[in-house]
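**Student:**
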Amino acid sequence: MTTTAPAPVGGGTGRRRWWALGVISLAQLLVIIDMTIMTIALPSAQQDLGMSDTARQWAITAYTVAFGGLLLLGGRLADRLGRRNTLLAGVVGFALASALGGAAGSTEMLLAARALQGVFAALLAPSTLSLLTITFSEPRERARVFGVFGAIMMSGAAIGLLAGGALAEYLGWRWCLYVNLPIAVVAAVAGWFVLPHAEAHRDARLDWLSAVLGGGAIVSLVYGLAEAAERGFGSGLVLGSLAVAAVLVAAFAVRQARTTGPLLPPAILTDRSRAAGFLAVGVAAFGMFGMFLFLTFQLQTIMGYGPLRSGLAFLPLIGANVLAATQLTGRLSARYGPRPLLGGGLLLLAAGLFTLTWLTAESSYAGLILPAEVVLGLGAGLTMPTVINLATAGVAPRAAGAASAFVTTSQQVGASLGTATLNTIATAATTSMLADPSGTGDPAAATVHGFATASGWGAAVLAAGAVAVVALYRRPPQVSPAPH
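Residues in the sequence shown are numbered from 0 upward in steps of one, following numbering that gives the first Met the number 0.
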């Protein structure tokens, strides 16, 4: 039976709830921007610390592996200990890890700090979305709130590139980490006063074996995909990691079916509409994060943009995303329902990526990249708020953290899979063009050809995903039974 969303928790009425939205948005922004903020600054950090190329890649991978691997556990801890408590603890821990990374005097210290950032991000990220779902219950309010939150989830990566470019160019790479400190201080202090005291379900069982199996599966998967982006899918290390992930997923599924305290309550996944939302966010991240990789390289290496100019080049995408998420999605959803927005949003993302199949070494920003960004931003803005609403509507309060964690987990896995797969396709296309005796042998032209080829494949995945999501969607999500 379909029911309404849970009512707001204590302390979540009036103006205070909107201040809480600001705090929650700041906390979520910390998590998302740090997925990309170090990307532009890495060459400077590598030179300063004497990092190897492998270690440089791990400055990104350490964060994503720790974050992805602990998300499901973080979601259940939020349900058990209280979302306000876990969000504040996560923000403080994230700030301390950022300070450690900014002060790093060695490669090992930087990598450890990035991993710690991922650990605390996994604690606070599920808390942000689950706090929103139990604080805002009125449909129109939820549409506005999820529009803002969805814009942050999809624009955060581009904002990270923009901030990273500005900080790296004017203050140095360490400020790509130090910048988290003032944001975290504001979020923690304000959060202490305005965040609602959400109920802590301390009687909820936490199955540690499920946590180990589920976390291990995601770590193996994200690690394998991250290595595939560098080594290719034929690497023994990559194949081994993916095989371990498959075994652990199977073991996790068996354990979930048998335990009385599942880490991921089965009803969260068995509702078809909610599952459509999870699939949509994974497919969207597949295309978007691969696109960020290609466009950053195109702007800096091929077109000669500096770090700051490269970051500013993503502003049209951010603007279109915010416009669609905050001004269009709520109105369209109220009139047409979630299904057209999910399908239409993914098709717009596919169209944006397909536009990049015309990319060449001579392409101009205004003539090709800017219009592609606008279409991509509109697609992301329609998709993400709709996903958040679908994924969390009707979920019992004691399972809100788990449902929220799986939204972010789907995004993480999709982003890792997209980056690895599209990078592998791009590399193969580049190599093939360079080996073609009839070609020009120009490395820049071959590299951009690889990007264009991979963009076409990414567009195909997004289009297929749109069809699958529309077919999977059936009805409003059902209330999931509270785990014991």
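Backbone N, C-alpha and C define an ideal beta-carbon position, used for all residues, glycine too. The structure displayed is predicted, hence computed values, not measured ones.
1. If we count the other Cβ atoms within 10 Å of its Cβ and call it buried at 16 or more, is W191 buried or exposed?
2. Of all the options A98, A419, A379, L358, which has the alpha carbon lying nearest to the alpha carbon of A465?
3. Suppose the cutoff is 6 Å on Cβ atoms and the five residues either side in sequence are ignored; what does the same chain contact list for G231 look like?
4. Taking V373 as part of the alpha helix (DSSP H), name the residues at either end of that continuous run.
5. Check for me: the alpha helix (DSSP H) holding Q116 runs from which residue to which?
6. Just to confirm, are V468 and A284 a CB contact at a threshold of 8 Å?
7. Between G146, F277, G342, L110, which has its C-alpha nearest F405's C-alpha?
8. Can you tell me where the alpha helix (DSSP H) holding W456 begins and where it ends?
9. Mapping DSSP to helix, strand and coil, what is T3?
10. With distances taken from CA atoms, which of A124, G146, G21, G81 is nearest A319?
11. Straight-line CA distance for H196 to A399?
12. Whose C-beta lies closer than 7 Å to the C-beta of I387 among residues of the same chain, with five residues either side of it excluded?
13. By the DSSP assignment, the alpha helix (DSSP H) with A350 in it spans what residues?
14. From what residue to what residue does the alpha helix (DSSP H) around Y169 run?
15. Compute the Euclidean distance between the alpha carbons of A252 and T269, then round it to the nearest angstrom.
16. On the CB-based measure, 16 or more other CB atoms within 10 Å of its CB, does M0 come out buried or exposed?
17. Are at least three pairs of beta-carbons, each pair with one atom in the segment 341-356 and one in the segment 447-457, less than 8 Å apart?
18. Closer than 8 Å is the cut-off here; do at least three beta carbon pairs connect the segment 294-303 with the segment 121-140?
19. Report yes if the CB atom of A123 is closer than 8 Å to the CB atom of V30, and no otherwise.
20. In this structure, does DSSP put P436 in helix, strand or coil?
21. Can you find at least 3 beta carbon pairs, one from the segment 369-384 and one from the segment 321-329, that sit closer than 8 Å?
22. Can you list, in chain order, the residues of its chain whose CB lies under 8 Å from that of T426, leaving out five sequence neighbours each side?
23. Below 8 Å between beta carbons: does that hold for L220 and A94?
24. Output needed for V64: all residues of its chain with C-beta closer than 6 Å, excluding positions within five of it in sequence on either side, in chain order.
25. So, at 6 Å on beta carbons, what are the nonlocal neighbours of G171 in its own chain, with the 5 sequence-adjacent residues on each side left out?
26. Should G89 be labelled buried (16 or more other beta-carbon atoms within 10 Å of its own) or exposed?
27. Which of the three DSSP states, helix, strand or coil, is assigned to W172?
28. If you drop the 5 nearest sequence neighbours on each side, which residues of the same chain put their C-beta closer than 6 Å to that of Q410?
29. Would you kindly work out how many angstroms separate the C-alpha atoms of G305 and L322, rounded to a whole number?
30. Starting from L307, trace the alpha helix (DSSP H) in both directions and tell me its first and last residue.
31. Three-state secondary structure (DSSP) at D78?
32. How many whole angstroms separate the CB atoms of P125 and G73, which I take to be in contact at a CB cut-off of 8 Å?
33. I'd like the span of the alpha helix (DSSP H) that includes Q45, first residue to last.
34. For the alpha helix (DSSP H) holding P181, just list the boundary residues, first then last.
35. What residue from V282, T259, A167 has the CA that sits closest to G101's CA?
36. Note down, in chain order, each residue of its chain lying with its Cβ closer than 6 Å to the Cβ of L224, except the 5 sequence neighbours on either side.
**Tutor:** In short:
1. Here residue 191 corresponds to residue number 192 of the sequence shown, with the count starting at 1. Residue burial annotation: W191 is exposed, with fewer than 16 other C-beta atoms found within 10 angstroms of its C-beta.
2. Residue mapping note: residue 465 aligns to position 466 of the sequence shown, counting from 1. Answer by Cα proximity: A379.
3. Walking along the sequence shown from the start, residue 231 turns up at place 232. Within the same chain, T423 come within 6 Å of G231 by CB-CB distance, once the 5 residues on both sides are set aside.
4. Reading the sequence shown from its first residue, position 374 is the one you call residue 373. 369-391 is the span of the alpha helix (DSSP H), which, as asked, contains V373.
5. Sequence index remark: in the sequence shown, residue 116 carries index 117 (1-based). Segment 106-134, the alpha helix (DSSP H) holding Q116.
6. Residue 468 sits at position 469 when you count from the first residue of the sequence shown. Residue 284 sits at position 285 when you count from the first residue of the sequence shown. Not a contact, by the Cβ cut-off of 8 Å.
7. Within the sequence shown, the letter at position 406 stands for residue 405. Its Cα nearest to that of F405, the residue F277 stands out among G146, F277, G342, L110.
8. For this step, residue 456 is matched to residue 457 along the sequence shown. For W456, the enclosing alpha helix (DSSP H) stretches over residues 442-471.
9. Taking the sequence shown and counting its residues from 1, the one referred to as residue 3 is at position 4. Summary for T3: the model assigns pLDDT 39, below 50, so the residue's position carries little reliability, and this model does not support an answer.
10. On the sequence shown, residue 319 is found 320 positions in, with the first residue counted as 1. Of the listed residues, the one whose Cα sits closest to A319 is G146.
11. Here residue 196 refers to the residue found at position 197 of the sequence shown. Here residue 399 refers to the residue found at position 400 of the sequence shown. Straight-line spacing of the CA atoms in H196 and A399 works out to 15 Å.
12. Reading the sequence shown from its first residue, position 388 is the one you call residue 387. Once the five neighbours on either side are set aside, the close Cβ partners of I387 are L128, F145, F148, G149, V406.
13. As a first step, residue 350 must be located in the sequence shown, where it is residue number 351. Start and end: 337-354.
14. Here residue 169 is taken as the residue at index 170 of the sequence shown, counted from 1. From DSSP, the alpha helix (DSSP H) with Y169 extends over 138-169.
15. Within the sequence shown, numbered from 1, the residue matching residue 252 stands at position 253. Within the sequence shown, numbered from 1, the residue matching residue 269 stands at position 270. Distance between the alpha carbons of A252 and T269: 13 Å.
16. On the sequence shown, position 1 is the one that residue 0 refers to. Legend: pLDDT at M0 = 36, less than 50; position of this residue unreliable, no value from coordinates given.
17. As far as the Cβ criterion goes, the segment 341-356 touches the segment 447-457, which means the pair count is three or higher.
18. The segment 121-140 and the segment 294-303 do not touch, with fewer than three beta-carbon pairs separated by less than 8 Å.
19. Reading the sequence shown from its first residue, position 124 is the one you call residue 123. Reading the sequence shown from its first residue, position 31 is the one you call residue 30. Reading the sequence as shown, one finds Leu at residue 123 and not Ala. Taking 8 Å as the Cβ cut-off, L123 and V30 qualify as a contacting pair.
20. Here residue 436 is taken as the residue at index 437 of the sequence shown, counted from 1. DSSP places P436 in coil when its eight states are reduced to three.
21. Three or more pairs of CB atoms, one per stretch, sit closer than 8 Å, so the segment 369-384 contacts the segment 321-329.
22. Here residue 426 corresponds to residue number 427 of the sequence shown, with the count starting at 1. So the qualifying residues of the chain are G231, G449.
23. Taking the sequence shown and counting its residues from 1, one reaches residue 220 at position 221. Taking the sequence shown and counting its residues from 1, one reaches residue 94 at position 95. No, the Cβ-Cβ distance between L220 and A94 is not below 8 Å.
24. Translated into the one-based positions of the sequence shown, residue 64 becomes position 65. Taken in chain order, the residues that qualify are V218, V221, Y222.
25. Here residue 171 is taken as the residue at index 172 of the sequence shown, counted from 1. For G171, where only same-chain residues beyond five positions count, there are no Cβ hits under 6 Å.
26. Taking the sequence shown and counting its residues from 1, one reaches residue 89 at position 90. Flag for G89 reads buried.
27. Position 173 of the sequence shown, counting from 1, holds the residue named residue 172. Three-state result, W172: coil.
28. As a first step, residue 410 must be located in the sequence shown, where it is residue number 411. So the qualifying residues of the chain are V280, A284.
29. Translated into positions along the sequence shown, residue 305 becomes position 306. Translated into positions along the sequence shown, residue 322 becomes position 323. If you draw a straight line from the Cα of G305 to the Cα of L322, it is about 27 Å long.
30. Taking the first residue of the sequence shown as position 1, residue 307 is located at position 308. Note, L307: alpha helix (DSSP H), 306-311.
31. Translated into the one-based positions of the sequence shown, residue 78 becomes position 79. In the structure shown, the three-state DSSP call for D78 is helix.
32. The sequence position of residue 125 within the sequence shown is 126, counting from 1. The sequence position of residue 73 within the sequence shown is 74, counting from 1. Indeed, because the Cβ distance is near 5 Å, the residues count as touching under 8 Å.
33. Locating residue 45 in the sequence shown gives position 46, counting from the first residue. That run of the alpha helix (DSSP H) goes 41-48.
34. Position 182 of the sequence shown, counted from the start, is the residue given in the question as residue 181. Boundaries of the alpha helix (DSSP H) around P181: 179-193.
35. In the sequence shown, residue 101 corresponds to position 102, counting from 1. Measuring from the Cα of G101, the nearest candidate turns out to be A167.
36. Along the sequence shown, read from residue 1 onward, the residue named residue 224 stands at position 225. Result list for L224: S415, L416, A419, in chain order.
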